[in-house]
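Asker:
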Amino acid sequence: MSDFTTLEDWLQQACAGDAARQAAGETLLKLAAAARDVSHMVARGPMDEAVAGVERSERPARFDEKAGELFMAALQGAPVAQIARERGMLLEGSAGAPVALAIDVLNGVQNIVANIPTGSFFSFLPEKGEETFAQPGTEQVCGGFFMYGPRTMLVFSFGQGTQVANMDPETGVFHITSEQRTLPPEPAREYAANASNYRFWDSAIRAYINDMIDGADGPREVDYNMRWASSLPAETVRILNRGGIFLYPGDARPGHREGRMRLLFHANPVALVVEQAGGAATDGEQRILEKVAGARDQRTPLIFGSPTEVERVKRYYELPMGGAHSPLFSRRGLFR
703 MSDFTTLEDW LQQACAGDAA RQAAGETLLK LAAAARDVSH MVARGPMDEA
753 VAGVERSERP ARFDEKAGEL FMAALQGAPV AQIARERGML LEGSAGAPVA
803 LAIDVLNGVQ NIVANIPTGS FFSFLPEKGE ETFAQPGTEQ VCGGFFMYGP
853 RTMLVFSFGQ GTQVANMDPE TGVFHITSEQ RTLPPEPARE YAANASNYRF
903 WDSAIRAYIN DMIDGADGPR EVDYNMRWAS SLPAETVRIL NRGGIFLYPG
953 DARPGHREGR MRLLFHANPV ALVVEQAGGA ATDGEQRILE KVAGARDQRT
1003 PLIFGSPTEV ERVKRYYELP MGGAHSPLFS RRGLFR
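So for the sequence shown, the working numbering puts the first residue at 703; every next one is plus one.
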């Protein structure tokens, strides 16, 4: 028998007395039931019946479709007024429910073939009719994600700390394994960025990365390691456990100037759990949770991690030319 509190028991206590939190908690349990089945599907990979007889190139789409079927079936009767899915789909839920749900049922589905962690992101917002999904992330009732990797995990927050649950693979039950996850006070000297996009980044991001690459010979005077899992759930869990910084900025490529992460479906829940764990999240200049989506599928740059590093990035943006070639960033420059 596990010594850890079950997710269901934890939610019953944590959400008592608040209608919106109770609705989100009840729905989160339904999401957890679907996540259990999605986890099994991902673990079976090419052996799963969802892709039986399907060409390899078509399997990611079929996995995504099956995950959507599992989550939508689990959400039948859930106390949510609206369900917004990534790629523009909006579904009606239970009339009069106090919250609405934004969900990406299987993020990083292409990673399944490489056995890299994938995940499902969710964000609950107060129901306000047509204005529901035009609220800033600060209004989230709850947000987080499931990660399907060596362990199936749930990371979430109701705005009072960040909680982590792990699924028992034998029973499919989620247990709370960390009631108050916080970033370490001394973050790892690590940064996560897709360096193949370096030439497309603006001068502020290039200057920041250049100083990390220079390591002990540059203004930071210490060496840094680069990490890149190409998995937002995995990168977020690493940041929560080790600190450091994750950067997916906008860049000069067509369609990338405004970033690639979707504000409602990815950036908001990540920013919530990171901030509630003592970190910070920004688009480089503005706090993620203060941004308002002009459309449900709006994209954003996303930079998050240890607050000192996120603040440092913002200061690069504040310098002329984004800090490029600035004497302030010499060996004994601005950040000494």
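Note that CB positions come from ideal geometry on N, CA and C, so glycine has one too.
Between V994 and the rest of its own chain, which residues show a CB-CB distance below 8 Å, the 5 nearest in sequence each way excluded?
Answerer: Closer than 8 Å at the Cβ level, and outside the excluded window around V994, lie A836, Q837, P838.
Asker: Taking just the CA atoms, how far does E888 sit from E771?
Answerer: Rounded to whole angstroms, E771 to E888 spans 42 Å at the Cα level.
Asker: Is N817 helix, strand or coil by DSSP?
Answerer: N817 falls in the coil class under three-state DSSP.
Asker: Would you say R883 and L942 are within 9 Å of each other, going by their C-beta atoms?
Answerer: The answer is yes: Cβ separation under 9 Å.
Asker: What span of residues does the alpha helix (DSSP H) with L965 cover, start to end?
Answerer: L965 -> no alpha helix (DSSP H), and no H or E assigned at all.
Asker: Spatial neighbours of L713 within its chain, please: C-beta separation below 7 Å, excluding the five flanking residues on both sides.
Answerer: G727, L730, L731.
Asker: Give me, in chain order, the residues of the same chain whose beta-carbon lies closer than 6 Å to that of M855; leave out the 5 immediate sequence neighbours on both sides.
Answerer: Cβ within range, chain order: M849, N868.
Asker: Can you give me the Cβ contacts of G1035 inside the same chain, cut-off strictly under 6 Å, excluding the 5 residues immediately before and after it?
Answerer: At G1035 the pLDDT is 44, less than 50, meaning the model places this residue with poor confidence and gives no usable figure here.
Asker: Quick check: what's the CA-CA separation for P1003 versus P1022?
Answerer: When rounded, the distance between both Cα atoms is 20 Å.
Asker: Mark L793 as exposed unless 16 or more other C-beta atoms lie within 10 angstroms of its C-beta, in which case mark it buried.
Answerer: The residue in question, L793, is exposed, as its Cβ has fewer than 16 Cβ neighbours within 10 Å.
Asker: Which of helix, strand or coil does DSSP assign to G831?
Answerer: G831: helix per DSSP, three-state reduction.
Asker: Quick check on F823: does DSSP put it in helix, strand or coil?
Answerer: Three-state result, F823: strand.
Asker: Give, in chain order, every unbroken run of the alpha helix (DSSP H) that is at least 4 residues long and sits entirely within the segment 851–929.
Answerer: Runs of the alpha helix (DSSP H) inside the segment 851–929: 905–916.
Asker: Between the C-alpha atoms of R891 and R1017, what's the straight-line distance to the nearest angstrom?
Answerer: Those two C-alpha atoms are separated by around 19 Å.
Asker: Start and end of the alpha helix (DSSP H) containing D1042?
Answerer: There is no way to answer for residue 1042, as the model of the chain reaches only from 703 to 1038.
Asker: May I have the straight-line CA-CA distance separating E757 from A906, to the nearest angstrom?
Answerer: Rounded to whole angstroms, E757 to A906 spans 43 Å at the Cα level.
Asker: Is the beta carbon of V811 less than 9 Å from the beta carbon of A775?
Answerer: Going by C-beta atoms, V811 is not nearer than 9 Å to A775.
Asker: Whole angstroms is fine: what's the gap from M703's alpha carbon to Q715's?
Answerer: Caution is warranted here: a pLDDT of 47 is assigned to M703, below 50, making its placement in the model unreliable, and the coordinate value is therefore given only provisionally. Their backbone Cα atoms lie some 21 Å apart in a straight line.
Asker: If F948 sits next to A982, beta carbons under 8 Å apart, how far is it from one beta carbon to the other, in whole angstroms?
Answerer: In fact, because the Cβ distance is near 11 Å, the residues do not count as touching under 8 Å.
Asker: For the segment 813–822 against the segment 927–941, do three or more pairs of beta-carbon atoms, one drawn from each stretch, fall closer than 8 Å, so that the two count as touching?
Answerer: Touching, yes, given that three or more Cβ pairs across the two stretches are closer than 8 Å.
Asker: Where does L709 fall in DSSP's three states?
Answerer: Correct three-state label for L709: helix.
Asker: Give every residue of the same chain whose Cβ lies closer than 8 Å to the Cβ of R998, excluding the five residues on either side of it in the sequence, and list them in chain order.
Answerer: Once the five neighbours on either side are set aside, the close Cβ partners of R998 are A786, G790, L792, A804, F835, L966.
Asker: Give every residue of the same chain whose Cβ lies closer than 6 Å to the Cβ of F876, excluding the five residues on either side of it in the sequence, and list them in chain order.
Answerer: For F876, where only same-chain residues beyond five positions count, the Cβ hits under 6 Å are L709, A734, L856, A867, M869.
Asker: Can you name, in chain order, every residue of its own chain whose Cβ lies under 6 Å from the Cβ of R1033, other than the five neighbours on each side?
Answerer: Unreliable placement is indicated for R1033, whose pLDDT of 46 sits below 50; no coordinate value is reported for it.
Asker: Rounded to the nearest angstrom, what separates G986 and Y1019 at their Cα positions?
Answerer: Between G986 and Y1019, the C-alpha separation is close to 7 Å.
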